[in-house]
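Each remark here refers to the structure printed beneath this line.
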Amino acid sequence: MIRTLPNSRTYTVCFKIYVTCFFIFLFAPLLITCILAFNDSQFPSLPWKGFTLDWFTANLPDRVGIFHDQINLDSIWVSVKVAVAVSLLSTIVGTCGAFLFEQENFRFKQALYFLMLAPLVIPGVILGISILLFSNTLGTFFEESLHMDVGILRPGLGLVILGQFSFITTLVTLVVSARLKKFDRTLEEAALNLGATRLQVIRYITLRFLKPAILASAAVAFLMSFENFNTTLFLVGSEPTLPINLYLQVRDGSTPVINAISFLLIVGTSVLALANLYFSKKEQ
Amino acid sequence: MKRQLRWTLFFFLAPVVLWLFLLIVLPHIDLLIMSFRIENDAGDMVWSLSNYLNFFDEPIYWLTFVRTAVYSITVTFLTLLIAFPLAFYITKVVGTRFQGFFMTLILMPFWVSELVRVYGWMILLRESGVINHLLIKLGILHQPVEMLYNDATMIMGLVYTSMLFMIVPLISVLESLDDGLIEAAYDLGGNMWNILFKIIVPHAIPGIVSGSIVVFMLTLGNYLTPNLMGGKNSLWFTEQIYNEFIASFNWNQGSAFGFLLLVLSSLVIWAGLKLSRQKLSSVVQ
Numbered sequence: 029m030i031r032t033l034p035n036s037r038t039y040t041v042c043f044k045i046y047v048t049c050f051f052i053f054l055f056a057p058l059l060i061t062c063i064l065a066f067n068d069s070q071f072p073s074l075p076w077k078g079f080t081l082d083w084f085t086a087n088l089p090d091r092v093g094i095f096h097d098q099i100n101l102d103s104i105w106v107s108v109k110v111a112v113a114v115s116l117l118s119t120i121v122g123t124c125g126a127f128l129f130e131q132e133n134f135r136f137k138q139a140l141y142f143l144m145l146a147p148l149v150i151p152g153v154i155l156g157i158s159i160l161l162f163s164n165t166l167g168t169f170f171e172e173s174l175h176m177d178v179g180i181l182r183p184g185l186g187l188v189i190l191g192q193f194s195f196i197t198t199l200v201t202l203v204v205s206a207r208l209k210k211f212d213r214t215l216e217e218a219a220l221n222l223g224a225t226r227l228q229v230i231r232y233i234t235l236r237f238l239k240p241a242i243l244a245s246a247a248v249a250f251l252m253s254f255e256n257f258n259t260t261l262f263l264v265g266s267e268p269t270l271p272i273n274l275y276l277q278v279r280d281g282s283t284p285v286i287n288a289i290s291f292l293l294i295v296g297t298s299v300l301a302l303a304n305l306y307f308s309k310k311e312q
Numbered sequence: 245m246k247r248q249l250r251w252t253l254f255f256f257l258a259p260v261v262l263w264l265f266l267l268i269v270l271p272h273i274d275l276l277i278m279s280f281r282i283e284n285d286a287g288d289m290v291w292s293l294s295n296y297l298n299f300f301d302e303p304i305y306w307l308t309f310v311r312t313a314v315y316s317i318t319v320t321f322l323t324l325l326i327a328f329p330l331a332f333y334i335t336k337v338v339g340t341r342f343q344g345f346f347m348t349l350i351l352m353p354f355w356v357s358e359l360v361r362v363y364g365w366m367i368l369l370r371e372s373g374v375i376n377h378l379l380i381k382l383g384i385l386h387q388p389v390e391m392l393y394n395d396a397t398m399i400m401g402l403v404y405t406s407m408l409f410m411i412v413p414l415i416s417v418l419e420s421l422d423d424g425l426i427e428a429a430y431d432l433g434g435n436m437w438n439i440l441f442k443i444i445v446p447h448a449i450p451g452i453v454s455g456s457i458v459v460f461m462l463t464l465g466n467y468l469t470p471n472l473m474g475g476k477n478s479l480w481f482t483e484q485i486y487n488e489f490i491a492s493f494n495w496n497q498g499s500a501f502g503f504l505l506l507v508l509s510s511l512v513i514w515a516g517l518k519l520s521r522q523k524l525s526s527v528v529q
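Chains as they are written, first to last, in the numbering used here: chain A, 29 to 312; chain B, 245 to 529.
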């Protein structure tokens with residue numbers, strides 16, 4: 029049954045086969061995507077026609093590698109800009125949220141906490157449309173009553189950032205809160221007794237203690253924003269982010285350039301994930 | 245001292261309140277209001293129930309809704325069935341040295357964008373895809389078969405996409421199960437099924453519930469996988485919402501659909517929590 033008990037051979041073998049099948053299921057699509065990024069063929073499919081780096085570096089009439097593909101490069105740049113903004117904003121507000129719910133007391137705290145969890149259980153598509161609606165309502169209001177044209181309220185990067193920020197902040201709040209719970213508050217009291225102001229305490233003691241959690245949640249926020257599709261779909265204007273741009277290409281047929289981008293994404297996120305894991309191990 | 249504390253309270257409270265009210269509360273109130281308004285013949289906006297009546301009158305709308313709900317429950321159940329033995333293997337069966345390795349291996353694919361994962365399945369399964377190519381090479385098939393664009397493939401894709409959100413809570417709940425309990429039951433003569441259903445599953449209920457809730461919600465709100473892997477006849481309700489918003493530009497009808505989806509997902513989450521006597525705040529952590 030478990031590792032400390034005698035197990036029949038069939039039991040162990042069955043389990044091993046099951047786990048192997050599972051990992052094949054898990055990795056097959058990713059491996060095949062990576063392999064076909066290097067296939068010397070016009071289509072991302074077998075047969076294997078030899079190794080090539082064309083889909084990364086070529087700049088020929090019938091083959092444009094990712095490093096010369098201006099549309100895809102632009103969308104990557106858009107995604108990076110959005111992700112940096114979202115991760116900055118949500119880390120700041122999320123940390124405020126963690127302080128608020130862990131260290132402060134006020135009326136309606138429970139209700140507000142419940143509200144803070146809500147974005148986790150609202151489907152991303154709904155979040156997208158309701159923010160789209162509300163920004164449109166506000167935009168119309170400003171235009172009709174004040175004759176002001178507020179650019180950020182139209183679909184575009186500003187709204188995409190706000191939309192992603194609206195639910196990623198919840199995750200940051202939860203991650204930072206978890207760390208703040210472990211904080212020994214007598215340290216703060218000691219500092220206060222020694223004459224520090226509350227702001228100094230937060231800056232020199234509490235934030236120092238929270239630094240690993242804040243950095244980790246900033247990294248996760250960056251990744252989540254970079255890959256978000258559902259919420260972004262409704263808020264995006266004329267500049268598509270990378271997932272939207274890839275979606276449009278995949279829907280209308282595909283070239284191995286998409287495999288090349290996927291390969292870079294897989295390698296990039298794996299490195300980031302491993303780094304995150306390494307640092308959290310070190311922390312313990 | 246007292247006044248200073250108030251000041252920090254305000255400092256932390258202001259951004260959080262701004263965030264929650266401007267981006268969560270008010271937009272959803274707006275969604276609700278919009279769903280009860282229509283444009284009358286004169287071109288003015290008036291209050292009306294007709295967006296909701298449309299939903300019940302047109303079978304295509306509510307059938308899609310019911311289908312999405314039923315399929316989401318199926319996906320949740322399948323994900324649980326596949327994930328449970330795996331979580332058990334990693335926490336209880338495999339040697340402790342390999343645990344960390346397996347965990348990393350499982351988490352890795354889910355850091356990659358959902359789009360890339362779906363794309364991987366598309367180049368594996370489509371008519372000119374890798375699996376067809378291999379099956380023909382091996383002589384099993386003579387003609388390539390289109391394996392994409394049907395309900396079974398779509399369900400598989402959804403299970404694949406949401407697997408992680410089931411495995412992680414299951415692993416953490418099984419880790420807290422004392423091996424001694426299983427050993428004791430075994431020594432007292434309990435067989436495998438007895439131990440599974442009387443000890444392991446009851447202990448794992450909190451993990452099962454929180455995993456199921458997250459998987460259900462993500463599946464219900466998924467757009468990408470049904471859109472790219474499902475066929476012409478496997479419309480997902482989020483696609484219906486998208487069509488109203490972007491294609492027909494009927495935002496009021498779309499709001500009604502969106503609100504119905506929100507109600508459905510909240511109801512199922514609420515029912516799951518009630519049935520297992522848990523709190524939302526304990527489930528998300």
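Note that CB positions come from ideal geometry on N, CA and C, so glycine has one too.
Partners in chain B for residue i, counting only beta-carbon separations shorter than 8 Å
i	result
A/R279	N471 and L472
A/L261	Y467 and Y486
A/L251	W355
A/F314	In the structure displayed, chain A extends from 29 to 312; residue 314 of chain A sits before or after that span and is not available.
Where residue i sits in the DSSP three-state scheme
i	result
B/N466	coil
A/F211	coil
B/R281	strand
B/P303	helix
A/F79	strand
B/M289	strand
A/V92	strand
A/N256	coil
B/N438	helix
A/N87	strand
B/N496	helix
A/N100	helix
A/N287	helix
A/N164	helix
B/N477	coil
A/N221	helix
B/S376	The sequence as given places Asn at residue 376 of chain B; Ser does not occur at that position. Residue state, collapsed to three classes: helix.
Interface partners of residue i on chain A, CB under 7 Å
i	result
B/Y333	F43 and V47
B/K336	I30 and R31
B/G364	P57, L58, I60 and T61
Below-8 Å beta-carbon distance, residue i vs any chain B residue
i	result
A/E171	no
A/R226	yes
A/P318	The shown model of chain A, from 29 to 312, leaves out residue 318 of chain A, and the question about it has no answer.
A/G78	no
A/S298	yes
A/F162	yes
A/Y275	yes
A/A146	yes
Within chain B, partners of residue i - CB distance below 9 Å
i	result
A/E255	W355, V356, S357, E358, L359 and V360
A/E132	L249, T252, L253, F256 and L257
Length of the line joining the Cα atoms of residue i and residue j
i	j	result
A/I26	A/L117	Past the edges of chain A, shown from 29 to 312, lies residue 26 of chain A, and the structure says nothing about it.
A/V188	B/L379	44 Å
A/V41	A/F53	18 Å
A/A56	B/G364	8 Å
A/D68	A/I286	14 Å
A/P34	B/I449	27 Å
A/T234	B/L468	41 Å
B/V507	B/P353	31 Å
A/I196	B/H386	49 Å
B/W306	B/V458	24 Å
A/L261	A/G156	7 Å
A/R182	A/I154	18 Å
B/Q529	B/Y315	Note that B/Q529 scores 48 on pLDDT, short of 50, meaning its location in the model is unreliable and no value can be drawn from it.
A/L302	A/A206	21 Å
A/L148	B/M398	24 Å
Within chain B, the residues that residue i reaches when beta carbons sit closer than 7 Å
i	result
A/G184	What A/G184 touches in chain B: nothing, since even the nearest Cβ is about 15 Å away.
Residue-level contact to chain A via CB, residue i, 8 Å cutoff
i	result
B/D274	yes
B/E427	yes
B/G373	yes
B/S456	no
B/Y315	no
Interface partners of residue i on chain E, CB under 8 Å
i	result
B/H377	Structure shown: chain E not included; protein chains present are A and B.
key: Segment contact, 8 Å Cβ cut-off, at least three pairs: the stretch 428 to 440 of chain B with the stretch 289 to 307 of chain B   = no
request  = May I ask you to verify whether the stretch 479 to 492 of chain B touches the stretch 413 to 432 of chain B, counting CB pairs closer than 8 Å and requiring at least 3?
outcome  = no
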